[in-house]
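Read the structure below first, then the notes.
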Amino acid sequence: GCSGIPYAQQRVLCSGDSFDFGDQLITTAGTYQATFTAVDGCDSVVNLTVLAEDAVPEINQEIGLLTLDLGNEVTYQWIQCDDPGNLISIRDANGPTYVPTVYGAYAVQVTQGSCTFTSNCVNVTILDLAEPTITNLKLYPNPSSGNITLALPDGATQGQYWVVDTQGRRVLEGTIQGVPSVSLQLPASSGLYGVYFQDESGAIARGTALVR
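Counting from 1 along the sequence shown, just add 4 to a position and that's the residue number in the numbering used here.
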């Protein structure tokens, strides 16, 4: 079997709350480690950073993508914060990652249980918009262990797709003919991947996949 595959996660601890992590009961902020065994017998070493409710989490910015992944037990709302006194919620931006389409400052509001907090604002000055974008791609499940389904934009039946890692390297590519969706096997390395689809007209749809 395999062992020692490392993963890093963050989680917010609301005031008065606690939760189980492996065989540990977490009641205070700090850094913790636990080993979990998957159904295939491989071990995963999870390094968990627990943030206090009043801590300000930081957004990661890579290849035109913004991400703040605090697990599956929180809800996300991305916001524009160019004017600190007038935060604007971005429609349908409710996941751990967001792909900006215009320059500006962005943050994410996270709710977990009874506590809600807002991340730091980050300035986006470089966008990956060299090609026309038709829509955001639907990718599921997301996050995943690497096996995802890419659903084509409405009306599209054929085209080509490709996947890039955070270094801008193309790690997967192929064509789609006459089907509304296709299964993709992303690399085993955990992290963010940009997924792109180009239809016959040359318009491009894109999305972000998180592999854990």
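Note that CB positions come from ideal geometry on N, CA and C, so glycine has one too.
Rounded C-alpha distance that separates Cys85 from Cys46: By one-based count along the sequence shown, residue 85 stands at place 81. By one-based count along the sequence shown, residue 46 stands at place 42. Roughly 42 Å between the two C-alpha positions.
Range of the contiguous beta strand (DSSP E) that encloses Glu177: On the sequence shown, position 173 is the one that residue 177 refers to. 174-181 is the extent of the beta strand (DSSP E) around Glu177.
Residues near Cys1 by beta carbon distance below 7 Å, same chain, minus five either side: As displayed, the chain neither begins before 5 nor continues past 216, which places residue 1 out of reach and without an answer.
Beta-carbon gap between Ala192 and Phe201 smaller than 8 Å: Taking the sequence shown and counting its residues from 1, the one referred to as residue 192 is at position 188. Taking the sequence shown and counting its residues from 1, the one referred to as residue 201 is at position 197. No. Outside cutoff.
Limits of the beta strand (DSSP E) - the one that Ala213 falls within: Here residue 213 refers to the residue found at position 209 of the sequence shown. Its beta strand (DSSP E) spans residues 208-215.
DSSP state of Ser193 mapped onto helix, strand, coil: Position 189 of the sequence shown, counted from the first residue, corresponds to residue 193. The three-state reading of DSSP puts Ser193 in coil, since its state is none of H, G, I, E or B.
Supposed contact pair Leu176 and Leu154 - C-beta distance, whole angstroms, cut 8 Å: The sequence position of residue 154 within the sequence shown is 150, counting from 1. The sequence position of residue 176 within the sequence shown is 172, counting from 1. With a Cβ gap of about 10 Å, Leu154 and Leu176 do not count as contacting.
DSSP three-state assignment for Tyr200, whether helix, strand or coil: By 1-based counting over the sequence shown, the position of residue 200 is 196. It is a strand residue.
Coarse secondary structure for Val78, derived from DSSP in three states: Indexing the sequence shown from 1 puts residue 78 at position 74. DSSP places Val78 in coil when its eight states are reduced to three.
Distance CB(Pro147)-CB(Val215) smaller than 8 Å: Position 143 of the sequence shown, counted from the first residue, corresponds to residue 147. Position 211 of the sequence shown, counted from the first residue, corresponds to residue 215. In this structure, Val215 lies closer than 8 Å to Pro147 by Cβ.
Close Cβ partners of Leu69 (< 7 Å) along its chain, the five nearest in sequence each way excluded: As a first step, residue 69 must be located in the sequence shown, where it is residue number 65. Thr101, Val103, Leu196, Gly198, Thr212.
Glu62 versus Leu190: straight-line alpha-carbon distance, rounded: The residue given as residue 62 occupies position 58 in the sequence shown. The residue given as residue 190 occupies position 186 in the sequence shown. Near 26 Å, if we compare the C-alpha coordinates of Leu190 and Glu62.
Local conformation of Thr161 per DSSP, three classes: By one-based count along the sequence shown, residue 161 stands at place 157. Reduced to three states, the DSSP call for Thr161 is coil.
Alpha-carbon spacing of Val50 relative to Ser205, whole angstroms: Position 46 of the sequence shown, counted from the first residue, corresponds to residue 50. Position 201 of the sequence shown, counted from the first residue, corresponds to residue 205. Roughly 44 Å separates the two Cα atoms.
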